[in-house]
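Read top to bottom, the protein sequences are chains F and R. All residue numbers for the first sequence refer to this note's numbering, where the first residue is 12 and numbers rise by one. All residue numbers for the second sequence refer to this note's numbering, where the first residue is 12 and numbers rise by one. First the structure, in the form of structure tokens, and then the observations on it.
Protein chains: 2
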Amino acid sequence: MAVGDASAAARPQYRKLAANLREAIASGAYQDGRLPSEETLAAQHGMSRGTVRQALALLRANGVVTSRRGTPRVILGTARTQSFYELMSFTSWARAVGEEPGGHTLAFEHRPGEPWECAQLDLEPGSMLYFVLRARTLSRVPVMAERTLYPEAVGRVLADLGPDAISHMDPLVDEGLIFADLEHSIDLISANAEDARILDIPQGSPLLRERRRATDPSGVVLHWSDDRFLPGTVSFTVHSSAAVTSMSRRRG
Amino acid sequence: MAVGDASAAARPQYRKLAANLREAIASGAYQDGRLPSEETLAAQHGMSRGTVRQALALLRANGVVTSRRGTPRVILGTARTQSFYELMSFTSWARAVGEEPGGHTLAFEHRPGEPWECAQLDLEPGSMLYFVLRARTLSRVPVMAERTLYPEAVGRVLADLGPDAISHMDPLVDEGLIFADLEHSIDLISANAEDARILDIPQGSPLLRERRRATDPSGVVLHWSDDRFLPGTVSFTVHSSAAVTSMSRRRG
DNA sequence: TAGTGGTCTAGACCACCCA
DNA sequence: GGGTGGTCTAGACCACTAG
Chain F
12 MAVGDASAAA RPQYRKLAAN LREAIASGAY QDGRLPSEET LAAQHGMSRG TVRQALALLR
72 ANGVVTSRRG TPRVILGTAR TQSFYELMSF TSWARAVGEE PGGHTLAFEH RPGEPWECAQ
132 LDLEPGSMLY FVLRARTLSR VPVMAERTLY PEAVGRVLAD LGPDAISHMD PLVDEGLIFA
192 DLEHSIDLIS ANAEDARILD IPQGSPLLRE RRRATDPSGV VLHWSDDRFL PGTVSFTVHS
252 SAAVTSMSRR RG
Chain R
12 MAVGDASAAA RPQYRKLAAN LREAIASGAY QDGRLPSEET LAAQHGMSRG TVRQALALLR
72 ANGVVTSRRG TPRVILGTAR TQSFYELMSF TSWARAVGEE PGGHTLAFEH RPGEPWECAQ
132 LDLEPGSMLY FVLRARTLSR VPVMAERTLY PEAVGRVLAD LGPDAISHMD PLVDEGLIFA
192 DLEHSIDLIS ANAEDARILD IPQGSPLLRE RRRATDPSGV VLHWSDDRFL PGTVSFTVHS
252 SAAVTSMSRR RG
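Written out as structure tokens, the structure is:
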């Protein structure tokens, strides 16, 4: 193979290799629970060790394999981390777990933002923004109250959607917006009057709250959302490793 | 610099660079919000571009900077992801946020595990294990009920501790155990009779539950724990990026 | 001591963004 | 078109583990 044959293509080699290895692991190859050495993998796939290591770093970060100097890599499991998109979109998450997602828009406002709202979106105080309030359902049962803020340029895309549009993420992605990073914060709160009405529960009932902020590759905030789930409907799973930790616990 | 001057040392160069950049960012250098190019950083620090990229990958994974082909890296913030150890240890977490941690052991059992318990620890059904039940406090106020399972070899280390030992992690680390990976699962439950007694709340009160499984570099499970926090005492924050996602949402 | 993963280098080409 | 980050190579030495 010639030097510099960087046939990056749409999908780089290291991602393909990572996907292949994942599949191989899931299908039960490597019964001994250990991966071939990096050198071996490189030879088998006709690539350099550096590329193999990129693939393995991906698996490592997702908790599929461990790594320790001196010994072969150990297989931990298939580690079902979701696609990034499923983490953002209630709709595609629901479909991925075999449920039928639904949504009903209860409020769609185009107005100047409150100070805290503008702050969340990194906008000047008083900037115009979009606010959307929706009830989300699984198999027609309400499970989540969703409040989302969009900067003007983003929310405008959603203005034409009907009140029963299922996904609000899909139109945004179709529009060419690129969601690169997410910051999640998870805690427990009690339902206010509005939550109670939306989810048909007594005021004060406990809810699992997930607040999210999404940014594009240049750091511009694309949306901020506050999702409140009924107990028992979801749980959040996180993998963290000593090498790369991207989770924290805050004083409530 | 000679080829192969891999002065890996205790702390590799790329980690030092990452730490330096973090500090520089926090201290307000780079007022324009953009990082110098990789080439520039490499020249400034006398290292190769590959090493610089390792450092930047770390910052990227923690949400400190973004990256996009064609444009300089954009600074997102100081992104306060905690040290891996603080995520594992209630004690060191509490101290890091300026609280006074405490603990009182309510049960310390050495017994054969239930089938589900052995499964969590990857042990044969019926294996001996240690079970510890503790009330954890912040500034002497109970905020969390902690139930932990240890395989025999690990739990044995804790047998000599008194009922008011504050940290159970420190002795384990001192013993030479290496915690490499954590799997967290976060959801909402209601207090059972035992929780109610420990936390002095009515039975059925909502609690934020974090279940954790820690493994060493070879994949051996070192402990499993079930922590139940009072509402308002903690929140969990996770960063995920399109490149490396290690979080998922499950149907409750 | 042989073999593994961890770190590092010096070079290359490519895809992309912006002036 | 010039500069940026993304991908890839082929080599090197080191630190560690295990037989």
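Note that beta-carbon positions come from the ideal geometry of N, C-alpha and C, so glycine has one too.
The alpha helix (DSSP H) enclosing residue i, as first and last residue numbers
i, result
"valine 102 of chain R", "Reading the sequence as shown, one finds threonine at residue 102 of chain R and not valine. Where threonine 102 of chain R is concerned, the enclosing alpha helix (DSSP H) stretches over 101-107."
"threonine 51 of chain F", "49-56"
"arginine 71 of chain F", "60-72"
"tyrosine 41 of chain R", "It is not in any alpha helix (DSSP H) - tyrosine 41 of chain R carries neither H nor E in the DSSP assignment."
"leucine 183 of chain R", "180-185"
"alanine 164 of chain F", "163-166"
"proline 126 of chain F", "126-131"
Residue range of the beta strand (DSSP E) that includes residue i
i, result
"histidine 115 of chain R", "112-123"
"aspartate 211 of chain F", "Here aspartate 211 of chain F belongs to no beta strand (DSSP E), and DSSP marks it neither H nor E."
"alanine 146 of chain F", "139-149"
Any chain R beta carbon closer than 9 Å to residue i
i, result
"methionine 58 of chain F", "no"
"tryptophan 127 of chain F", "no"
"alanine 296 of chain F", "Chain F is shown from 12 up to 263; residue 296 of chain F falls before or after that span and cannot be answered."
"phenylalanine 119 of chain F", "no"
"histidine 195 of chain F", "yes"
"alanine 253 of chain F", "yes"
"isoleucine 212 of chain F", "no"
"asparagine 73 of chain F", "yes"
"aspartate 206 of chain F", "no"
"aspartate 6 of chain F", "Given a span of 12 to 263 for chain F in the structure shown, any question on residue 6 of chain F remains unanswerable."
"serine 4 of chain F", "Past the boundaries of the shown model lies residue 4 of chain F; chain F is included only from 12 to 263, so the question cannot be answered."
Through-space distance from residue j to residue i, alpha-carbon basis
i, j, result
"leucine 183 of chain F", "threonine 102 of chain R", "43 Å"
"proline 228 of chain R", "leucine 67 of chain F", "15 Å"
"glycine 243 of chain R", "serine 201 of chain R", "15 Å"
"arginine 261 of chain F", "threonine 89 of chain R", "15 Å"
"glycine 81 of chain F", "glutamine 24 of chain R", "21 Å"
"tryptophan 104 of chain R", "glutamate 110 of chain R", "9 Å"
"arginine 147 of chain R", "threonine 256 of chain F", "24 Å"
"glutamate 157 of chain F", "tryptophan 127 of chain F", "18 Å"
"threonine 77 of chain R", "histidine 250 of chain R", "12 Å"
"glutamate 209 of chain F", "leucine 144 of chain F", "According to the sequence shown, residue 209 of chain F is isoleucine rather than glutamate. Roughly 10 Å separates the two Cα atoms."
"valine 75 of chain F", "glutamate 135 of chain R", "22 Å"
"glutamate 163 of chain R", "leucine 218 of chain R", "29 Å"
"serine 252 of chain F", "tyrosine 161 of chain F", "33 Å"
"leucine 32 of chain F", "glutamate 50 of chain F", "15 Å"
"glycine 113 of chain R", "proline 83 of chain R", "46 Å"
"glycine 173 of chain R", "arginine 167 of chain R", "13 Å"
"aspartate 133 of chain R", "serine 48 of chain F", "25 Å"
"valine 330 of chain F", "aspartate 185 of chain F", "The requested residue 330 of chain F is not part of the displayed model; chain F covers only 12 to 263."
"serine 100 of chain R", "isoleucine 212 of chain R", "24 Å"
"valine 85 of chain R", "threonine 62 of chain R", "19 Å"
"glycine 215 of chain F", "glycine 263 of chain F", "18 Å"
"leucine 46 of chain F", "arginine 64 of chain F", "12 Å"
"histidine 56 of chain R", "alanine 29 of chain R", "12 Å"
"serine 94 of chain R", "alanine 72 of chain F", "16 Å"
"alanine 36 of chain R", "serine 246 of chain R", "Going by the sequence as given, residue 36 of chain R is isoleucine instead of alanine. Looking at the two C-alpha atoms, the distance is approximately 26 Å."
"alanine 19 of chain R", "alanine 191 of chain R", "Low per-residue confidence applies at alanine 19 of chain R: pLDDT is 37, beneath 50, and the placement is therefore not dependable enough to give any value."
In DSSP terms, what residue i is bridged to
i, result
"phenylalanine 247 of chain F", "R:Ile197, R:Arg260"
"serine 237 of chain F", "Note that residue 237 of chain F is aspartate in the sequence shown, not serine. For aspartate 237 of chain F, which the question treats as bridged, DSSP gives the partners F:Arg158, F:Arg222."
"arginine 79 of chain R", "R:Thr82"
"valine 152 of chain R", "R:Leu149"
"serine 252 of chain R", "F:Asp192"
Sequence-distant residues of its chain with Cβ nearer than 6 Å to residue i (five each side left out)
i, result
"histidine 121 of chain R", "Tyr141"
"alanine 17 of chain F", "Interpretation of alanine 17 of chain F is limited by its pLDDT of 37, a score under 50 that renders its predicted location unreliable; no figure is taken from the coordinates."
"histidine 222 of chain F", "Reading off the sequence shown, one finds arginine at residue 222 of chain F, where the question assumed histidine. Closer than 6 Å at Cβ, skipping near neighbours: Ser196, Asp237."
"histidine 179 of chain R", "Leu169"
"methionine 258 of chain F", "Val249, Ser251"
"arginine 220 of chain F", "Asp198, Ile200, Arg239"
Minimum Cβ-Cβ distance from residue i to chain F less than 9 Å
i, result
"leucine 28 of chain R", "no"
"valine 85 of chain R", "yes"
"tyrosine 25 of chain R", "no"
"alanine 130 of chain R", "no"
"tryptophan 104 of chain R", "yes"
"arginine 145 of chain R", "no"
"threonine 244 of chain R", "yes"
"methionine 258 of chain R", "yes"
Distance cut-off 8 Å: residue i Cβ against heavy atoms of the ligand MN
i, result
"valine 231 of chain F", "As presented, the structure is devoid of all ligands, the ligand MN included, so that no description of it is given."
Residues near residue i by beta carbon distance below 7 Å, same chain, minus five either side
i, result
"tyrosine 96 of chain R", "Ser103"
"serine 59 of chain R", "Ala53"
"histidine 234 of chain R", "Thr159, Leu160, Tyr161, Val165, Ala225"
"glycine 15 of chain R", "In this predicted model, glycine 15 of chain R has a pLDDT of only 37, less than 50, meaning its place in the structure is not dependable enough to derive any value."
Other residues of its chain near residue i: CB distance less than 8 Å, five sequence neighbours each side excluded
i, result
"arginine 26 of chain F", "Ala66, Leu69"
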